[in-house]
Structure formats: C-alpha cells, structure tokens
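Residue numbers (this note's numbering), protein chains in the order written: chain Z, 20 to 216; chain V, 163 to 598.
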C-alpha cells in the first residue's frame, strides 16, 4: 500500500535526519536539559522536551495533505509559499483555534512531518487587557492548542517549543479593538530560517 | 572567562548602570486629595543661604502627606503667616484656620563644606506644644530623602503608624516599539525620583518582586528567548538565574523569611504554583488544577499563598495553605474577572485587578473580615497593584493619554496621584519594604 511505503520512507528519513543533525542541536536545548536535570532531586518526575521518539509522527492521508504538499525544504524561506502564513488569531479570552486557521496549521504540520530535523517555536500572545501574569498563562494555553494540532497533523512534540509572551510583545501598538484583535495570536517561528519575528 | 571574573565584570557593568542616571525621572501629579482628612499646615522652610534653596522641603512633605490620604495639607496661599521659628508660631491663628498641626523648619548652608543644616518642628495646635523636632546635617544630594524622612516622623507622630515615604519602588519601563523596543528594570524612590536602571533588555522583563531584606529583586526576563526567573542584588548588580525550566517561569513572590520564592511553572504541563527553595534549588508543587494558576503572593505569616486561578471559568482569587493541608479556597465572588492579588502587610486586605461590568479593568480592595470589595481606581486598563509596606497606599499601572503610567491611591480610595515619564511606558510597580 502506498501509505505504508510512505510511512516507512518517512520513518527512515526521520532516523537518518536525527543522526545527521544531532551535533547541530541548539545550545539552548542543552542548557534547558542541564537545568531540568538539576530538578530531578525534587522527585517531581520532571520531563524534559526533546526526548520524544517522534511519538506524534504519522503520515498524512491524501485528504489531509493540503495543497502544495509535500513542501520543498526551503519553502519556509519563500515568502510566496503557502507556509508564509504563520499567524493564528484568537477570540478574546479564548484559546480555541478557529476553523479558518486549520489550513495554516495543517500546512506547517505537513512541512514539519516532512522535515523532522526542523524545529519550530510557537509564540503565544494576548492583548493588553487584564493581568499580565494571567495573560502569560493565556498565551501559553494558545501556544499549546496550536502545538497539539500540529502534532495531530503529523509534527512531533520534539520539534516544537511553545513559549508565551503574554501581552508583552504586541504586534500592533494601540489601545483599541482593532489592535487587540491583531495582538491575540500565536506566531509560528522557524528559528533556523531568516523568517518572521 | 573564569566565573569569578565574570561576576566582577557583571558587577562592574551594574555599577556603571547605577552611576549613570540615564533613566527618566517620573513626574508626580496629585489628582485627588483626601477632603476631610487630618488638617495640617506645612509652612515653607526658611532659607538662610544665597540664591534659591536646594529643594522645596515643605512642598515635598506636603505631597507625601497628601498622597497618603491621611492628611489634607492647607494651601500655602491660605497660610496667614509663615513662621520658621517656634516663637513665631501663633497657635490661635492656626486654630481659627481649623488646622490641627503645623510643621515649620529652616535650612542653612554648612560653614565647613558643602551641605546643609536642616531643622524642623511639628506642633500640636490644640495643645499649643511641640510634638517633635529634629536637626540634621545633610550633603547636597541628601535633602530630598531628608524631606521624606521628616514626612515619616510627622506621619508617625500623628497617626501612630509608620510612614512609607522613605521606601523604594521597582518598575518596568519600556521605550520604543518594534525592533527598537527596550525594556528596563528601574529602582527609584517611592515618588519616582532618583531612578536607576538595573537591567536593560531587548526582550520583555516582567514581574519584579522585592525580597523582604530590600536588597534583592526577583524578576522574569525573556533575554534568552524564553522566560527565566532571576534574583539580582540591587546594589552590586550581581544576579543568579533561579529557574529556567521548560515553559513558563513566572510571577516570583518572596516568602516572608526571604528563603523561598513562590512561582508559576508549567514544565509539568499546566501553569501551576510551586515553591522554590533557593538554597536547595528544589521546586515543590502547591496547586493542581486544569486551569491557569498564577500570581502567587504570601500571607504575612508565611502560611498561605493567595493566587489567581481560572479553575472555575474566569480568573478569580484563591487561597491555599503552603503545606497543602487544605484545598484551595475561593476568595472573590464579585464579577467574572479578579486577578493579580497583593496582600496588605497586616493580612487584612487584598488588592487585585477587577473587571467591571462595563469592561473596564480597575483596582479593587477586598476587606477580608467584612468581605466587602471596593474599587479604588478610575482608569480603563489598571493592573499590577502593590501595597505600601504600611498598607496605607497602593501603587498600580494605569493608562493616561495612551501611555503607561503609574497611579498611586490611598487604600481607602480618597487620595490619588499619577507618576509618569515624559516618554515611553512605565508599568508593573513593586513597592519595596521599609528600610531600617
């Protein structure tokens, strides 16, 4: 069956890619693990990211695969690519991903599934209203929602880092509904590419 | 680089920052006095030197007393006389004006070197006698803090409570936008004067919190592209990263003994409250809920944490014993958004952000005994309230003409003032402890 072959091919690719890129792990990850390692004596069973064995990875069926899939490796550097759309907007006080952004998420999931050595950052943001610290929680909830969907569509947890900036980094300055609408967002950032942010 | 040498370099950098007053001074504007509060006259101090006096000490004292909400200083124009010596005070005149207390003083240049001799006296008009009187020698730059010290003496003599005018605050200032945005952490006098930049970053800086010793600040910095909690010594600038786990590292709050931080972490999946033992670098989890738990603050006895949680839907304020002997108890029920609490030093009151029915975010004060809540601010997007160490004033962040400024309000809501920079935003004030 075609999908099985693709699955095997993808798996082999994942393994190869994993070996080839191991030395290129960003130093931040190392620091992170070292810090988390120090926490293990708390007995809280701290889990670090980066150990995931591509658990969420699976191949996309033809129906799930959005147009232009598979993407070329450098598609993330191409501003005319379907991957150029990297912002998911949210309703006030909500972390549910609206249907209209599913395409964007599926495309990035497809790309990440294809290139398992590529890492992505999900940066959650809120508008300026209310408590700053609560907004960090809300931004994190938004980033996590996008992360779960990316994984459901084929990206693996080890590729994704979710960060919340709360209301600290508005996309648009301003104290009105228009600005707030643009600031409640999750930005999909490819740290390795010269992309947005 | 050797760790010790790096420390030295860091310390040197911090000292440079401390000696460069690049930070903008906050301007105070008193927007509301407490009508009917204790009537007092602070007479302009006499000046025996050449030219202009170094500072308007009486003006500073008057501002301090007004902002506390405990006093209503009389306008200068209404003073019938301006005594600078005890034998010039006519008690009968002041009684006729309805004034309970009179403050007088005078400033003389020192004969031997730069600086001043400052004397002040506080009189009780009804008893026709001096209540307090002191003489000080100060350097040229010490006049302003001396004025706050005199305010403290006057405040304590009359109210019986300690004044909080000689304390410091920390806050976050932001200049520029987009790629040019700069976040700084500032430490200044309680009135915004004498600001010092203790951290500058291109990435967000959040949630400054004073240690009980007044010598260290905990805060959150995104300088490494992800949030981490730091503890920095204010004077030396030396700092230590105390948490950089995966996910959120946020909202530090010092335990009363200064040995632990309550923080928000999400490395186990969900934003929860933890207590971080600084000496042993251990994190103990306190809350367990599917919601966002954040913004912890300790009760003065160190036994409970008050925090924000949206476990019941919208954010509300809860309390939980640090030893987890009981489940979290909800404390706020009015409105569908109450967040970011601070606890008064006597533990009797809470202040937090409250969303009104009209959608405005304002600062509320909840009396824990009577369970009565009162809104004390008047802005649209007020946030980050912090109690003065005597519990009588609250500083918070608010908006004025589209810019972030600091608001101060007496805890009873009667007296209000605004502290703003000439450009950029200021936010997230944290009021430091008494300085002994």
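Each residue gets a CB set at the ideal place from its N, CA and C atoms; glycine is no exception. Model, not experiment: these values are computed from the prediction.
Range covered by the beta strand (DSSP E) that runs through residue i
i	result
residue 514 (chain V)	511-517
residue 317 (chain V)	Looking at the DSSP string, residue 317 (chain V) is not in any beta strand (DSSP E); the run it does join, the alpha helix (DSSP H), is 305-321.
residue 475 (chain V)	Unbroken run through residue 475 (chain V): none, as it is neither H nor E.
residue 427 (chain V)	422-427
residue 379 (chain V)	378-383
residue 337 (chain V)	330-337
residue 360 (chain V)	358-363
residue 107 (chain Z)	106-108
residue 413 (chain V)	411-416
residue 289 (chain V)	No beta strand (DSSP E) holds residue 289 (chain V); DSSP gives it neither H nor E.
residue 590 (chain V)	587-593
residue 369 (chain V)	367-372
residue 191 (chain Z)	No beta strand (DSSP E) contains residue 191 (chain Z), which DSSP labels as neither H nor E.
residue 13 (chain Z)	The displayed coordinates of chain Z run from 20 to 216. Any statement about residue 13 (chain Z) would go beyond what the structure contains.
residue 502 (chain V)	500-505
residue 435 (chain V)	434-439
Which residues DSSP lists as bridging residue i, in chain order
i	result
residue 180 (chain Z)	Z:140
residue 403 (chain V)	V:392
residue 295 (chain V)	V:283
residue 270 (chain V)	V:279
residue 201 (chain V)	V:234
residue 189 (chain V)	V:582
residue 536 (chain V)	V:527
residue 482 (chain V)	V:467
residue 548 (chain V)	V:557
residue 570 (chain V)	V:557, V:579
residue 185 (chain Z)	Z:144
residue 108 (chain V)	The first residue shown for chain V is 163 and the last is 598, placing residue 108 (chain V) beyond what the model contains.
residue 346 (chain V)	V:335, V:362
residue 207 (chain Z)	Z:141
residue 117 (chain Z)	Per DSSP, none; premise fails for residue 117 (chain Z).
residue 543 (chain V)	V:523
residue 445 (chain V)	V:438
Where the alpha helix (DSSP H) containing residue i begins and where it ends
i	result
residue 202 (chain Z)	196-202
residue 122 (chain Z)	121-133
residue 154 (chain Z)	151-171
Closer than 8 angstroms at the beta carbon, the chain Z residues around residue i
i	result
residue 590 (chain V)	151
residue 477 (chain V)	149, 150, 153
residue 545 (chain V)	149, 150, 151
residue 448 (chain V)	What residue 448 (chain V) touches in chain Z: nothing, since even the nearest Cβ is about 12 angstroms away.
residue 470 (chain V)	150, 152, 153
residue 410 (chain V)	155, 156, 159, 183
residue 564 (chain V)	194
Anticipated Cβ contact below 8 angstroms, residue i with residue j, distance rounded
i	j	result
residue 527 (chain V)	residue 548 (chain V)	Their Cβ separation, rounded to whole angstroms, is 12 angstroms, which puts residue 527 (chain V) and residue 548 (chain V) out of contact at 8 angstroms.
residue 410 (chain V)	residue 155 (chain Z)	6 angstroms
residue 189 (chain V)	residue 582 (chain V)	6 angstroms
residue 182 (chain Z)	residue 139 (chain Z)	With a Cβ gap of about 11 angstroms, residue 182 (chain Z) and residue 139 (chain Z) do not count as contacting.
residue 145 (chain Z)	residue 203 (chain Z)	6 angstroms
residue 592 (chain V)	residue 391 (chain V)	Between residue 391 (chain V) and residue 592 (chain V) the Cβ distance is about 14 angstroms, and since that is not below 8 angstroms, they are no contact.
residue 413 (chain V)	residue 426 (chain V)	4 angstroms
residue 463 (chain V)	residue 509 (chain V)	7 angstroms
residue 345 (chain V)	residue 367 (chain V)	4 angstroms
residue 231 (chain V)	residue 199 (chain V)	6 angstroms
residue 160 (chain Z)	residue 546 (chain V)	About 21 angstroms; that fails the 8 angstroms criterion.
Cross-chain neighbours of residue i in chain Z, by beta carbon under 9 angstroms
i	result
residue 456 (chain V)	150, 152, 153, 155, 156
residue 426 (chain V)	152, 155, 156
residue 384 (chain V)	182, 184, 187, 188
residue 523 (chain V)	148, 149, 150
residue 515 (chain V)	149, 150, 153
residue 569 (chain V)	Going along chain Z, no residue has its Cβ under 9 angstroms from residue 569 (chain V), so there is no contact; the nearest lies around 16 angstroms.
Partners in chain V for residue i, counting only beta-carbon separations shorter than 7 angstroms
i	result
residue 187 (chain Z)	366, 368
residue 192 (chain Z)	339
Closer than 7 angstroms at the beta carbon, the chain Z residues around residue i
i	result
residue 433 (chain V)	156, 159
residue 391 (chain V)	Going along chain Z, no residue has its Cβ under 7 angstroms from residue 391 (chain V), so there is no contact; the nearest lies around 11 angstroms.
residue 561 (chain V)	194
residue 288 (chain V)	Residues of chain Z passing the Cβ test: none, with the nearest at roughly 47 angstroms.
residue 413 (chain V)	152
residue 388 (chain V)	182
Original post:
Enumerated in chain order, which unbroken segments of the beta strand (DSSP E) with a length of 3 residues or greater are wholly contained in the stretch 203-257 of chain V?
Top reply: Within the stretch 203-257 of chain V, the runs of beta strand (DSSP E) at least 3 residues long that lie entirely inside it are, in chain order, 233-235.
Subject >> Members of the stretch 472-505 of chain V near chain A, C-beta cut-off 7 angstroms >> reply: Absent from the structure: chain A. Protein chains present are Z and V.
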